[in-house]
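Sequential numbering from 49 applies to the sequence shown in the working numbering. Every residue gets a Cβ at the ideal spot worked out from N, C-alpha and C, and that includes glycine. Predicted, not measured: the structure shown is a model, and the values here were computed from it.
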Amino acid sequence: MKTVEQGTRELRANESTRWQADRLPPGRRGVAGLLHVLGGHRRAFALSVLFGALNQASGIAANVLGAVTVVKALTGTGTGTLWWLAAATLGLVVLRAVATWLEAWISHELSFRILADVRQWLYWAFERIAPGGLVRARTGDLASRTLHDSESLEIFYAHTSIYIALAATLPPVALVALAFVDPRLALVLLPWLVASASVPLWLRSRGRRQGRRVRELTARINVEVVDLVQGLRETVSFGAGERRLADLAAAGDRLARAQHRQAARGGLETAAGGLLVSGGTLAVLGTGVWLVSRDALPVEWLAPAVVLAAGAFGPITTLLNVTRVWGITSSAADRVFDVLETPAPVPDDGRITLPPDPGPLEIVFEGVGFRYADDGPWVLDGVDLTVPAGTTVALAGVTGAGKSTLAHLLLRWFDPQRGRITLGGVDLRDLPREELTRLVGHVPQDVFLFHDTLAANLELAAPGAGDARLRRACDDARVTPFLERLPDGADTVVGERGARLSGGERQRVAVARALLKDSPVLVLDESSSQLDVLSEREVQTALERVRAGRTTLVIAHRLSTLRGADLVAVLDQGRIADVGSHADLLARCAPYRSLVQAQADAAALLAAGAHG
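Here it is, written out as structure tokens:
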């Protein structure tokens, strides 16, 4: 039986092969990107076009043969011939029904397979560019691209692409057949066919603008809804419900107006197409009547010729019905391909791996300089810092000093523009992403738990860990005391983002996950500043256990963390002001004394407020 790791590796390898083989050249978006992906499904597409052509052709033939049957009946043709014509017409109707079924089946299966691929590609794209590439992205917008925009591509793959092919092939065939009746009828019909086929091009630029606007406003509403749901507690607490709903209603009104303009343009295109179809059919009818009056066309051929002329518009009419929303489809494709083609914030081309059990590793920051934008300020400027193997170094400094940025560089969310970071003597850029993930664990300040069982959230760090490892991690992380109070123990569903657990309980679960992962290096965003005294004590006890025997970099928020660290690195305006023990820094480092004094004053104020 495959392990989870084996299955993941196979999926990753499959994704890499499929998407890299289909990778778009720069700048290819919209229809070019859609057709590029379709090229990987040529056989299914050819079958859907084949049955679509059989569907349309048999329909046209049945109508023409029906017209011939009526004409024969009116001119006194024998019953035997009429029965044969009726049977042939019925056979064509049955053939069309079967072809319609096969076309719909194959085309929709094709579209759903492609959509499944696109969704998988989107997942791997998010993983490739996360978390650094998604720092400024909105959750609702990402959800809109993954769900609604990708779903919009179904119209192209199940309908539009097929009828583009049919509109390019069947009308010329019908035109040739009409020329066999009389070439003058074909010449009369030709400009009407060309004009009707060009209708989607008349307002194409406006359609693209409107489609882009509709997709952007749809994504904006998704963002508003996600924000409203996630911030519902704060919204209710501050009595801001009416204001938030008013904002949502305003966004809905903007979307409705954009959809109205898009629908008006689509209605105009439909009306223009219908007018051209009627005009072309009437032109053939008028020309046919004129030819009959001059004895240039047998009267019994008039009705079949008019029916054939009307049938020539069939694929074009069907295409017009789906191109009304072409602007939305192409804009959705742009948004999807923008994600797929977003480059990773850091390349994953490292080749060096460390031993399976390397023990504690030294971390060295050498002249590290970093800024988030090429023309932005330097958040870190010439940082030199060594974290000895097996020690705990706390990062101290005021908000904005660069503590979190330094930790994110160690996690390699980004790469520094200057200098380098080594782990066990190896440049982080020389380590494959999976290897770095194995070596460096992370306990974030804002712990995320999935809407799943507690056990499943723990196993995220070590799939298939087993009950014994889970129990040991829960004991060491002080999870067991509250685990026993849960209704179903480790099988209790913790709710969305762990809503059934307290803040301290969620943080202890995060510590347990770090223990299960058992990485030699730990990045810890110490978050006990938001906890009560008892919860803080439990979390600190758990953190002491998880730090034991590991090289730990802590973003410190409390004096207790600073005192308990082996060394404290003081960051001041993107530079290392000093490094030393808590006592030594109090004696010699003015920025550190100011920071400690500010925290002590804040603690005194809180204590006075509690007693008052």
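field: Burial state of residue 293 (16 or more Cβ within 10 Å)
entry: In the sequence shown, the residue the question calls residue 293 occupies position 245. Label assigned to residue 293: exposed.
query: Do residue 453 and residue 412 have their CB atoms nearer than 8 Å?
result: Numbered from 1 along the sequence shown, position 405 holds the residue referred to as residue 453. Numbered from 1 along the sequence shown, position 364 holds the residue referred to as residue 412. No, these two residues do not count as a Cβ contact at 8 Å.
field: residue 312 to residue 318 span [Cα, whole Å]
entry: Looking up residue 312 in the sequence shown gives position 264. Looking up residue 318 in the sequence shown gives position 270. Between residue 312 and residue 318, the C-alpha separation is close to 10 Å.
Cβ neighbour criterion (16 or more within 10 Å) applied to residue 205: Here residue 205 is taken as the residue at index 157 of the sequence shown, counted from 1. Flag for residue 205 reads buried.
Exposure of residue 640, with buried meaning 16 or more beta-carbon neighbours within 10 Å: The residue given as residue 640 occupies position 592 in the sequence shown. By the 10 Å Cβ count, residue 640 comes out buried.
- prompt: In three-state terms, what does DSSP make of residue 27?
  reply: Since the displayed the chain opens at 49 and closes at 660, residue 27 lies outside it and no answer follows.
Proximity winner among 603, 486, 213, 167, relative to residue 90 (alpha-carbon distances): Here residue 90 is taken as the residue at index 42 of the sequence shown, counted from 1. Of the candidates 603, 486, 213, 167, the one whose C-alpha sits nearest the C-alpha of residue 90 is 213.
task: List the DSSP bridge partners of residue 21.
output: This structure cannot speak to residue 21, because the chain is shown only from 49 to 660.
- prompt: Would DSSP call residue 422 helix, strand or coil?
  reply: Within the sequence shown, residue 422 is the residue found at index 374, counting from 1. Reduced to three states, the DSSP call for residue 422 is coil.
message: Let me check understanding here. Comparing Cα to Cα, which of 272, 372, 564, 462 lies closest to residue 321?
response: The residue given as residue 321 occupies position 273 in the sequence shown. The shortest C-alpha separation from residue 321 is found at 372.
message: What does the Cβ neighbour count give for residue 635, buried or exposed, with the cut at 16 atoms within 10 Å?
response: Sequence index remark: in the sequence shown, residue 635 carries index 587 (1-based). So residue 635 ends up on the exposed side.
- request: Quick one: residues in its chain with C-beta nearer than 6 Å to the C-beta of residue 178, no 5 flanking neighbours on either side, listed in chain order?
  value: For the purposes of this step, residue 178 is taken as residue 130 along the sequence shown, with counting starting at 1. Taken in chain order, the list of residues that qualify is empty.
query: Count the other CB atoms within 10 Å of the CB of residue 646; is the residue buried (16 or more) or exposed (fewer)?
result: Locating residue 646 in the sequence shown gives position 598, counting from the first residue. Exposed, because fewer than 16 other Cβ atoms sit within 10 Å of the Cβ of residue 646.
task: Sort out for me which residues DSSP pairs residue 615 with in a bridge.
output: For this step, residue 615 is matched to residue 567 along the sequence shown. DSSP output for residue 615 lists 441 as bridge partner(s).
- prompt: Looking at C-alpha atoms only, which residue of 121, 446, 506, 226 is the closest neighbour of residue 556?
  reply: Here residue 556 refers to the residue found at position 508 of the sequence shown. For residue 556, the nearest C-alpha among the options comes from 506.
message: Can you tell me where the alpha helix (DSSP H) holding residue 627 begins and where it ends?
response: For this step, residue 627 is matched to residue 579 along the sequence shown. Per DSSP, residue 627 belongs to no alpha helix (DSSP H); it is in the beta strand (DSSP E), 623 to 628.
query: Would you call residue 578 buried or exposed, if buried means 16 or more other Cβ atoms sit within 10 Å of its Cβ?
result: Numbered from 1 along the sequence shown, position 530 holds the residue referred to as residue 578. Below a pLDDT of 50, predicted positions are generally treated as unreliable, and residue 578, at 49, falls in that range; the measurement from the model is reported next regardless. That one is exposed.
- prompt: Touching or not, the region 538 to 549 and the region 491 to 505, by the rule of three or more beta carbon pairs under 8 Å?
  reply: yes
task: Tell me whether residue 355 sits in a helix, a strand or coil according to DSSP, three-state version.
output: Numbered from its first residue, the sequence shown carries residue 355 at position 307. In this structure, residue 355 counts as helix in the three-state DSSP scheme.
Reference residue 508, options 565, 484, 449, closest by Cα: For the purposes of this step, residue 508 is taken as residue 460 along the sequence shown, with counting starting at 1. The shortest C-alpha separation from residue 508 is found at 565.
- request: Provide the residue(s) that pair with residue 412 in DSSP beta bridges, ordered along the chain.
  value: Here residue 412 is taken as the residue at index 364 of the sequence shown, counted from 1. Paired residues: 434, 470.
query: Should the region 98 to 109 be called in touch with the region 354 to 367, which here means at least 3 C-beta pairs below 8 Å?
result: yes
field: Backbone CA spacing between residue 447 and residue 458 [nearest angstrom]
entry: For this step, residue 447 is matched to residue 399 along the sequence shown. For this step, residue 458 is matched to residue 410 along the sequence shown. C-alpha separation (whole angstroms): 19 Å.
query: Would the beta-carbon of residue 571 fall within 8 Å of that of residue 474?
result: Working through the sequence shown from its first residue, we reach residue 571 at position 523. Working through the sequence shown from its first residue, we reach residue 474 at position 426. No, the pair does not count as a contact, with Cβ atoms beyond the cut-off.
- prompt: Name the DSSP beta bridge partners of residue 514, please?
  reply: Reading the sequence shown from its first residue, position 466 is the one you call residue 514. None, per the DSSP bridge assignment.
query: Would you say residue 310 and residue 259 are within 8 Å of each other, going by their C-beta atoms?
result: Counting from 1 along the sequence shown, the entry for residue 310 is found at position 262. Counting from 1 along the sequence shown, the entry for residue 259 is found at position 211. Their beta carbons are under 8 Å apart, which means residue 310 touches residue 259 by this criterion.
- request: Would you please state the rounded distance, in angstroms, between the beta carbons of residue 562 and residue 441? I believe it to be under 8 Å.
  value: The residue you call residue 562 lines up with position 514 of the sequence shown. The residue you call residue 441 lines up with position 393 of the sequence shown. Wrong, their Cβ atoms sit about 17 Å apart, outside the cutoff.
For residue 541: DSSP bridge partner residues: Sequence index remark: in the sequence shown, residue 541 carries index 493 (1-based). Per DSSP, 501.
N-terminal and C-terminal residue of the alpha helix (DSSP H) that residue 556 is part of: Counted from its first residue, the sequence shown places residue 556 at position 508. Run containing residue 556: 551 to 565, per the alpha helix (DSSP H) assignment.
- request: Count the C-beta pairs between the region 191 to 201 and the region 264 to 271 that are closer than 8 Å, then say yes if the count reaches three, no if not.
  value: yes
- prompt: Roughly how many angstroms lie between the CA atoms of residue 198 and residue 422, to the nearest whole one?
  reply: Here the question's residue 198 lines up with position 150 in the sequence shown. Here the question's residue 422 lines up with position 374 in the sequence shown. Computed Cα separation, rounded: 32 Å.
query: Skipping 5 residues on each side, what residues in its chain have a beta carbon closer than 7 Å to that of residue 332?
result: Stepping through the sequence shown from its first residue, residue 332 is reached at position 284. Closer than 7 Å at Cβ, skipping near neighbours: 233, 236, 237, 353, 354, 357.
- prompt: Does DSSP put residue 386 in a helix, in a strand, or in coil?
  reply: Your numbering for residue 386 matches position 338 in the sequence shown. It is helical.
- request: Flag this pair as yes or no: are the beta carbons of residue 560 and residue 522 separated by less than 8 Å?
  value: The sequence position of residue 560 within the sequence shown is 512, counting from 1. The sequence position of residue 522 within the sequence shown is 474, counting from 1. Yes, these two residues count as a Cβ contact at 8 Å.
- prompt: Under the rule that 16 or more other beta-carbon atoms within 10 Å means buried, what is residue 644, buried or exposed?
  reply: Stepping through the sequence shown from its first residue, residue 644 is reached at position 596. It counts as buried.
Residue 627 beta carbon less than 8 Å from that of residue 443: Reading the sequence shown from its first residue, position 395 is the one you call residue 443. Reading the sequence shown from its first residue, position 579 is the one you call residue 627. Contact: no.
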